[in-house]
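Residue numbers (the UniProt record's numbering): 1 to 287. The structure appears below as structure tokens.
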Amino acid sequence: KQLEEEGVLTLNKELPIPLVPKRIAVISSASAAGYGDFCHQLQHNSGGYSFYTELFPAIMQGGQVEETVLTALDKINCRIEAFDVVVIIRGGGATSDLSGFDTYLLAASCAQFALPIITGIGHERDDTVLDMVAHTRVKTPTAAAEFLINQMNETADNLAHLAEQLRASVSFRIEQEKKHLNILRNRIPSSAFAYLSDAKLALLTSKNDLNRAITAFLSSQKHWLDLLRQRIADASPERLLSRGYSITMKEGRAVTDASQLSVGDVFTTRLTKGEITGKVSELRQSS
1 KQLEEEGVLT
11 LNKELPIPLV
21 PKRIAVISSA
31 SAAGYGDFCH
41 QLQHNSGGYS
51 FYTELFPAIM
61 QGGQVEETVL
71 TALDKINCRI
81 EAFDVVVIIR
91 GGGATSDLSG
101 FDTYLLAASC
111 AQFALPIITG
121 IGHERDDTVL
131 DMVAHTRVKT
141 PTAAAEFLIN
151 QMNETADNLA
161 HLAEQLRASV
171 SFRIEQEKKH
181 LNILRNRIPS
191 SAFAYLSDAK
201 LALLTSKNDL
211 NRAITAFLSS
221 QKHWLDLLRQ
231 RIADASPERL
241 LSRGYSITMK
251 EGRAVTDASQ
261 LSVGDVFTTR
271 LTKGEITGKV
281 SELRQSS
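This is the structure we're talking about:
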């Protein structure tokens with residue numbers, strides 16, 4: 001009742017049992033048959049799990065129970081990171097020997113301990129105060145070992161279930177992706193055909209545009225060349241002569257200015273048909 005009033009009665013029960021309680025601090029007597037039963041049960045579990053146990057010796061009956069169990073708890077507390085749970089067990093003995101587990105000091109210490117405590121110290125019809133504050137109370141050391149083994153089995157089952165869910169989820173996702181890929185695979189040929197058709201049409205259009213541009217360019221160049229050829233032909237001496245013009249030459253060179261001749265010079269005048277040879281008798285310069 002005092003523990004309940006202080007609000008510590010259920011503190012240890014509120015601690016979570018680790019998913020894999022493999023590191024076990026055992027408080028018991030090294031010579032107790034119950035300790036041997038506990039270790040044997042752990043070592044020969046059907047799941048093949050490996051457990052690490054370390055014994056913290058205590059007197060499990062008589063007047064020294066409180067003192068020695070508290071000492072063991074103090075030692076465990078100094079290395080608390082090394083363990084997952086604490087197991088307090090005893091085997092056999094008279095009911096009167098359980099009185100050492102009913103003390104306030106021991107019960108308060110266990111209730112506030114930082115690791116879950118599992119007890120296997122009672123008889124079928126007797127509960128101690130320590131049993132009341134412990135996280136889990138079982139009747140025998142063998143039952144304490146079975147409790148830990150069952151915790152491992154439950155974790156293994158949960159992991160197997162999660163693994164199966166993961167496998168199913170991955171398989172479902174793979175199937176979904178396969179379907180998506182098949183859809184894409186079916187779309188690619190039609191898309192590619194449409195793309196190639198559009199590209200072919202664009203290429204033909206560009207080819208026709210290029211041909212028209214080349215034809216127009218060549219036509220304009222031909223017209224320009226024809227005009228140039230005509231202008232060259234119109235400017236030729238033969239064309240000029242045919243239009244009534246003549247060319248006066250002295251010593252094979254065309255005379256373009258009267259100053260190039262002198263009185264008495266012999267010159268040749270070229271006509272459309274034939275030439276006239278003459279001699280300068282008079283010169284007149286144009287103004």
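For glycine and all other residues, C-beta sits at the position ideal for the given N, C-alpha and C.
By the beta-carbon neighbour count (other beta carbons within 10 angstroms, threshold 16), Ile276 is exposed. Taking the CA atoms as reference points, Asn186 sits about 39 Å from Ala160. As the crow flies, the alpha-carbon of Glu154 is around 19 Å from that of Arg137. DSSP places Ala33 in the uninterrupted alpha helix (DSSP H) bounded by 33 to 43. By the criterion of at least three beta-carbon pairs nearer than 8 Å, the stretch 113 to 123 is not in contact with the stretch 48 to 57. Within the DSSP secondary-structure output, Ser220 pairs in no beta bridge.
With respect to the 9 Å criterion, Phe83 and Ile89 are not classified as neighbours on the basis of their beta carbons. For Lys75, no beta strand (DSSP E) segment is defined; the enclosing uninterrupted segment is the alpha helix (DSSP H) at 65 to 78. In this structure, Ile149 keeps its C-beta atom at 9 Å or more from the C-beta atom of Ala114. The beta carbons of Gly62 and Gly34 sit no closer together than 9 Å. Segment contact: the stretch 278 to 287 against the stretch 257 to 264, three or more CB-CB distances shorter than 8 Å; contact assigned. About 4 Å separates the beta carbons of Val133 and Ala111, which is inside the 8 Å limit, making them a contact pair.
Contact between Ser29 and Ala58 is confirmed by a C-beta separation of about 7 Å, below the 8 Å threshold.
Residue nearest to Leu241 within the set Ile27, Gly7, Glu146, Leu271 is Leu271 (criterion: CA-CA distance).
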